[in-house]
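S.K.: So that we are looking at the same thing, I have put the structure below in structure tokens.
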Amino acid sequence: MSFLEVDAVAKSFGSLVALRGVSLSVQPGELRAVIGPNGAGKTTFFNLISGFFAPSAGTIRFNGRDVTRLPAYRRVSLGMARTFQVTEVFPELSVLENVLIAVEVAAGYRLRPWLGRSARAALRGRVDEILALAGLGQKADRLVGELAHGDQRAAEIAMALALRPRLLLLDEPTAGMGDQETYEITRLIRRLHRDAKLTIVLIEHDMRVIFHLADRISVLDQGRLLAEGTPAEIAANEAVQAAYLGKAA
Amino acid sequence: MNGAAVVAAIRRPAETRWLPLAALWAVLLAVPLWLPLVGGYTALAGRVLVLGLAAIGFNLLLGFTGVMSFGHAAYFGLGAYGAGLTLRYLAASTPLAMLLGTLLGGVAGTLFGLLIARRRGVYFAMVTIAFGQVCYYIAYSWNDLTGGFDGLRGFRRAPIGLGPLVLDIAGDGPAFYYFLLGVFAAAVALMGLLLRSPLGHSFIAIRENERRARFLGIPVERHIWLSFSISCGFTALAGSLYALLNNFADPLGLHYSLSGEIVIMTVMGGMRTFWGPLLGAAVFVVLQDYISSMTTNWMSFIGLLFVVVVLFFPRGLLGFLPRRGAR
Ligand SMILES: Nc1ncnc2c1ncn2[C@@H]1O[C@H](COP(=O)(O)OP(=O)(O)OP(=O)(O)O)[C@@H](O)[C@H]1O
Ligand SMILES: [Mg+2]
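Structure representation (structure tokens):
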């Protein structure tokens with residue numbers, strides 16, 4: 001049984017068919033890249049997995065459980081965390097506060113109207129841990145809205161990590177980043193994969209990042225799964241070259 | 001404020017931050033001493049506390065959850081009627097009157113909130129007005145119980161017995177003011193603790209970014225409902241105090257014009273700050289008292305002031321304070 005099992009999901013927006021029956025299964029500990037040209041349906045695919053909206057058809061199983069109709073917040077509590085293509089953070093709160101809120105929810109405290117001193121201290125320790133992991137320790141007291149683009153993206157990943165996810169969905173984490181920032185994020189993702197054994201699905205346009213990180217690659221094109229395989233297989237696939245790599249070259 | 005200033009403001013040591021707080025409480029405690037000297041009367045300060053508490057309760061929803069209601073007078077008015085009806089028909093007990101008033105408004109808000117928590121923006125605001133007007137209409141037409149348009153009379157706040165001690169708040173002396181101040185202090189302390197708690201943080205998260213909040217695992221609709229209910233409870237408590245203050249409850253306490261006034265106080269004082277609504281209430285009540293002695297058209301003056309404040313202090317009179325975060 002796979003960790004994430006997506007079976008023939010489809011999604012239409014009115015007359016526009018964004019996904020037409022895409023299946024995919026991810027093994028525990030795998031790092032899967034999802035690539036494809038603009039408008040291929042990658043983000044829509046993430047939105048279905050994470051529960052942003054429900055599919056028009058098909059099923060999604062996570063860790064052996066059918067989550068197709070489960071609300072997003074319930075999927076989070078099952079261990080799914082995601083970031084967005086356009087950064088979604090709490091801009092007027094500090095980096096520390098952004099991560100703290102995620103840590104509080106992960107600790108199961110989201111309904112607690114009161115918290116004792118020792119619980120508070122434990123949460124703060126966890127926040128510091130995550131900030132250090134994401135390389136944001138120096139910027140803990142800065143408002144997230146004032147940070148550079150790359151740091152905002154890192155803060156969003158930090159919030160997702162604070163949830164102690166078992167599956168991390170990253171939608172173009174390096175979008176709009178310079179070389180140095182791309183390198184840092186790539187290194188962070190590799191650490192999460194290699195050291196923390198986190199299962200990750202990654203949408204990405206940067207081929208260097210993909211071929212550096214991915215165990216397997218799924219290629220979407222016009223709402224269909226065009227190909228799937230190891231990086232070497234995908235690089236050699238003629239249909240993929242025609243639809244995607246050809247355009248990029 | 002630039003980034004460096006913000007960081008400096010957050011890092012400022014705690015002592016310098018509680019200095020203004022100590023000053024505020026000193027001013028409030030000394031009201032019976034200084035207010036008469038500047039031509040005020042203690043009941044006026046009581047009005048400030050009561051409407052300030054209503055606005056602070058409302059601001060949990062507007063300023064800290066990011067959800068607008070134009071019908072909070074409904075819960076204020078229900079609190080007032082609940083207290084008044086208790087004193088008139090049930091028992092001459094001030095605490096029981098406050099309890100039942102708060103429950104009436106709070107439970108009405110909780111039930112009504114269940115129906116509307118999925119609505120957003122203008123729709124949410126419109127439905128809250130509608131509910132308020134329904135309550136207004138009921139109080140207005142149920143003559144036998146509520147006294148109709150003339151309001152509910154024939155009750156008085158009762159002294160509170162604490163074992164052998166009796167807290168005589170029935171008179172117009174400072175005792176009742178200090179009673180109000182005590183209840184106010186307890187209520188804002190509770191609100192302050194709530195905003196520092198994980199539940200309070202989840203409200204702030206929804207205000208900041210609903211989508212992010214949802215994908216952190218916060219059931220957004222349920223938490224908006226909770227915020228709405230708690231907010232209504234605080235406003236209803238203020239309403240029950242209002243009935244005690246005036247020994248009177250009338251349908252205007254439920255009317256949407258009062259809802260609008262609560263919004264004005266909150267926004268004018270600074271909805272992103274904890275104390276802004278109290279300052280807004282103070283400005284509102286004092287101006288209303290002062291100007292209405294000269295012209296019946298006092299609302300235009302307050303409207304004008306509101307426009308000026310919004311134009312020149314878009315974050316409210318206390319908007320210059322460092323933002324309040326989630327710590
Ligand atoms: N909420 C929505 N409502 C209507 N149409 C949508 C919605 N979300 C996506 N679409 C459409 O579905 C198609 C697939 O979009 P999607 O965002 O999934 O592509 P993508 O592969 O992520 O592209 P990109 O690489 O540009 O991010 C596009 O034609 C898009 O306009
Ligand atoms: Mg996309």
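Here the protein sequences come in this chain order: A and B.
Heads up, the first sequence is in the working numbering, so the first residue is 1 and it goes up one at a time.
Heads up, the second sequence is in the working numbering, so the first residue is 1 and it goes up one at a time.
Beta carbons are placed, not taken as given, at the ideal position from N, Cα and C, and that holds for glycine.
All of these numbers come straight from a predicted model, not from anything done at the bench.
Which residues are close to ligand 1, meaning CB closer than 6 Å to any heavy atom, in chain order?
M.R.: In chain order, the qualifying residues are A/Phe13, A/Leu16, A/Ala18, A/Gly36, A/Asn38, A/Gly39, A/Ala40, A/Gly41, A/Lys42, A/Thr43, A/Thr44, A/Gln85.
S.K.: Quick check on this structure: which residue in A/Ala54, A/Arg166, A/Ile60, A/Pro173 has the alpha carbon closest to the alpha carbon of A/Ala196?
M.R.: The sequence position of residue 196 of chain A within the first sequence is 196, counting from 1. For the residues A/Ala54, A/Arg166, A/Ile60, A/Pro173, the minimum Cα distance to A/Ala196 belongs to A/Arg166.
S.K.: Residues of chain B with CB closer than 8 Å to the CB of A/Ser77, please, in chain order.
M.R.: One-based indexing of the first sequence puts residue 77 of chain A at position 77. The answer, in chain order, is Gly217.
S.K.: Determine the closest residue to A/Leu225 out of A/Glu184, A/Leu192, A/Phe45, A/Val22, with distance taken between C-alpha atoms.
M.R.: To locate residue 225 of chain A, count along the first sequence from 1; it is residue 225. Here the closest residue by C-alpha is A/Val22.
S.K.: With a CB to CB cut of under 8 Å and the five nearest residues on each side skipped, what residues in its chain are close to B/Gly319?
M.R.: The count along the second sequence starts at 1 and reaches residue 319 of chain B at position 319. Same-chain partners within the cutoff: Gly270, Arg272, Thr273, Gly276, Phe313.
S.K.: Based on Cα-Cα distance, which residue from A/Thr83, A/Leu213, A/Arg124 lies nearest to A/Thr230?
M.R.: Position 230 of the first sequence, counted from the first residue, corresponds to residue 230 of chain A. Measuring from the Cα of A/Thr230, the nearest candidate turns out to be A/Leu213.
S.K.: Roughly how many angstroms lie between the CA atoms of B/Val27 and B/Gly280, to the nearest whole one?
M.R.: Along the second sequence, one-based indexing puts residue 27 of chain B at 27. Along the second sequence, one-based indexing puts residue 280 of chain B at 280. Approximately 16 Å, taken between the alpha carbons.
S.K.: Kindly say whether A/Leu131, judged by its beta-carbon, lies nearer than 7 Å to any beta-carbon of chain B.
M.R.: Taking the first sequence and counting its residues from 1, one reaches residue 131 of chain A at position 131. Cβ-Cβ to chain B under 7 Å: no for A/Leu131.
S.K.: Looking at the unbroken alpha helix (DSSP H) that takes in A/Met177, where does it start and where does it end?
M.R.: Your numbering for residue 177 of chain A matches position 177 in the first sequence. Neither: A/Met177 is in no alpha helix (DSSP H) and is coded neither H nor E.
S.K.: By DSSP, does A/Ser12 sit in helix, in strand, or in coil?
M.R.: As a working note, residue 12 of chain A is residue 12 in the first sequence. Three-state DSSP puts A/Ser12 in a strand.
S.K.: Roughly how many angstroms separate the alpha carbons of B/Phe248 and B/Leu162, rounded to a whole number?
M.R.: Within the second sequence, residue 248 of chain B is the residue found at index 248, counting from 1. Within the second sequence, residue 162 of chain B is the residue found at index 162, counting from 1. For B/Phe248 and B/Leu162, the distance between alpha carbons rounds to 25 Å.
S.K.: Taking only beta-carbon atoms, is B/Ala205 less than 7 Å away from chain A?
M.R.: Residue 205 of chain B sits at position 205 when you count from the first residue of the second sequence. Output row for B/Ala205: interface = yes.
S.K.: Along the alpha helix (DSSP H) that carries B/Met294, what are the first and last residues, could you check?
M.R.: Sequence index remark: in the second sequence, residue 294 of chain B carries index 294 (1-based). Looking at the DSSP string, B/Met294 is not in any alpha helix (DSSP H), and its letter there is neither H nor E.
S.K.: On the three-pair Cβ rule with 8 Å, is the region 116–130 of chain B touching the region 59–71 of chain B?
M.R.: Short answer: they touch.
S.K.: For A/Phe90, would you say it is in contact with chain B, using Cβ-to-Cβ distances shorter than 7 Å as the test?
M.R.: Within the first sequence, numbered from 1, the residue matching residue 90 of chain A stands at position 90. It does: the Cβ of A/Phe90 has a partner Cβ on chain B nearer than 7 Å.
S.K.: Given this structure, state the Cα-to-Cα distance separating B/Tyr81 from B/Trp18, to the nearest angstrom.
M.R.: Taking the second sequence and counting its residues from 1, one reaches residue 81 of chain B at position 81. Taking the second sequence and counting its residues from 1, one reaches residue 18 of chain B at position 18. Near 37 Å, if we compare the C-alpha coordinates of B/Trp18 and B/Tyr81.
S.K.: State whether the region 177–195 of chain B contacts the region 24–42 of chain B, with contact taken as three or more CB pairs (one from each stretch) at a distance under 8 Å.
M.R.: Touching, per the Cβ criterion.
S.K.: On the CB-based measure, 16 or more other CB atoms within 10 Å of its CB, does A/Ala179 come out buried or exposed?
M.R.: Taking the first sequence and counting its residues from 1, one reaches residue 179 of chain A at position 179. First, the residue type needs correcting, since residue 179 of chain A is Asp and not Ala in the sequence shown. It counts as exposed.
S.K.: Identify, in the order they occur along the chain, each residue of the same chain with its Cβ nearer than 6 Å to the Cβ of B/Val6, setting aside the five sequence neighbours on each side.
M.R.: Here residue 6 of chain B corresponds to residue number 6 of the second sequence, with the count starting at 1. Any reading at B/Val6 must be qualified, since the residue scores a pLDDT of 38, below 50, and its modelled position is unreliable; no value is offered.
S.K.: Taking the C-alpha atoms as reference points, what is the distance between B/Leu24 and B/Leu278?
M.R.: On the second sequence, residue 24 of chain B is found 24 positions in, with the first residue counted as 1. On the second sequence, residue 278 of chain B is found 278 positions in, with the first residue counted as 1. Looking at the two C-alpha atoms, the distance is approximately 11 Å.
S.K.: Do A/Ala106 and A/Leu163 have their beta-carbon atoms positioned less than 7 Å apart in this structure?
M.R.: Mapped onto the first sequence, residue 163 of chain A falls at position 163. Mapped onto the first sequence, residue 106 of chain A falls at position 106. Yes, the Cβ-Cβ distance between A/Leu163 and A/Ala106 is below 7 Å.
S.K.: Are the CB atoms of A/Arg153 and A/Thr87 nearer to each other than 7 Å?
M.R.: As a first step, residue 153 of chain A is located in the first sequence; it is residue number 153 there, counting from the start. As a first step, residue 87 of chain A is located in the first sequence; it is residue number 87 there, counting from the start. A contact, by the Cβ cut-off of 7 Å.
S.K.: Taking beta-carbon pairs under 7 Å, can you tell me which members of the region 172–203 of chain B lie near chain A?
M.R.: Listed in sequence order: Leu193, Leu194, Ser197, Pro198, Leu199, His201, Ser202.
S.K.: From the DSSP output, which residues share a beta bridge with A/Asp221?
M.R.: Indexing the first sequence from 1 puts residue 221 of chain A at position 221. According to DSSP, A/Asp221 bridges with A/Arg224.
S.K.: Chain A beta carbons: is any one of them nearer than 7 Å to that of B/Asn143?
M.R.: The count along the second sequence starts at 1 and reaches residue 143 of chain B at position 143. So, not an interface residue.
S.K.: Counting only the same chain and skipping the five closest in sequence on each side, list residues whose C-beta sits under 6 Å from that of A/Phe90.
M.R.: Here residue 90 of chain A is taken as the residue at index 90 of the first sequence, counted from 1. The residues are Asn98.
S.K.: The beta strand (DSSP E) that contains A/Asp141, what's its start and end?
M.R.: The residue you call residue 141 of chain A lines up with position 141 of the first sequence. It is not in any beta strand (DSSP E) - A/Asp141 carries neither H nor E in the DSSP assignment.
S.K.: How about B/Val220 and B/Glu208: are their beta carbons less than 7 Å apart?
M.R.: Counted from its first residue, the second sequence places residue 220 of chain B at position 220. Counted from its first residue, the second sequence places residue 208 of chain B at position 208. Taking 7 Å as the Cβ cut-off, B/Val220 and B/Glu208 do not qualify as a contacting pair.
S.K.: Under 7 Å between the Cβ atoms of A/Leu143 and A/Gly137?
M.R.: Working through the first sequence from its first residue, we reach residue 143 of chain A at position 143. Working through the first sequence from its first residue, we reach residue 137 of chain A at position 137. Contact flag unset, no.
S.K.: Roughly how many angstroms separate the alpha carbons of A/Ser50 and A/Arg75, rounded to a whole number?
M.R.: In the first sequence, residue 50 of chain A corresponds to position 50, counting from 1. In the first sequence, residue 75 of chain A corresponds to position 75, counting from 1. C-alpha separation (whole angstroms): 7 Å.
S.K.: Taking 7 Å as the CB-CB cut-off, is A/Leu115 touching chain B?
M.R.: Counted from its first residue, the first sequence places residue 115 of chain A at position 115. Chain B contact via Cβ: present.
S.K.: When you compare the CB positions of B/Gly334 and B/Ala236, do they come within less than 7 Å of one another, or not?
M.R.: Because chain B here runs from 1 to 327, residue 334 of chain B falls outside it and cannot be looked at.
S.K.: Report the partner residues of A/Glu5 according to the DSSP bridge assignment.
M.R.: Within the first sequence, numbered from 1, the residue matching residue 5 of chain A stands at position 5. A/Ser25, A/Arg61, per the DSSP bridge assignment.
S.K.: Please classify B/Met294 as buried or exposed, where buried requires at least 16 neighbouring CB atoms within 10 angstroms.
M.R.: Within the second sequence, residue 294 of chain B is the residue found at index 294, counting from 1. B/Met294 should be labelled exposed.
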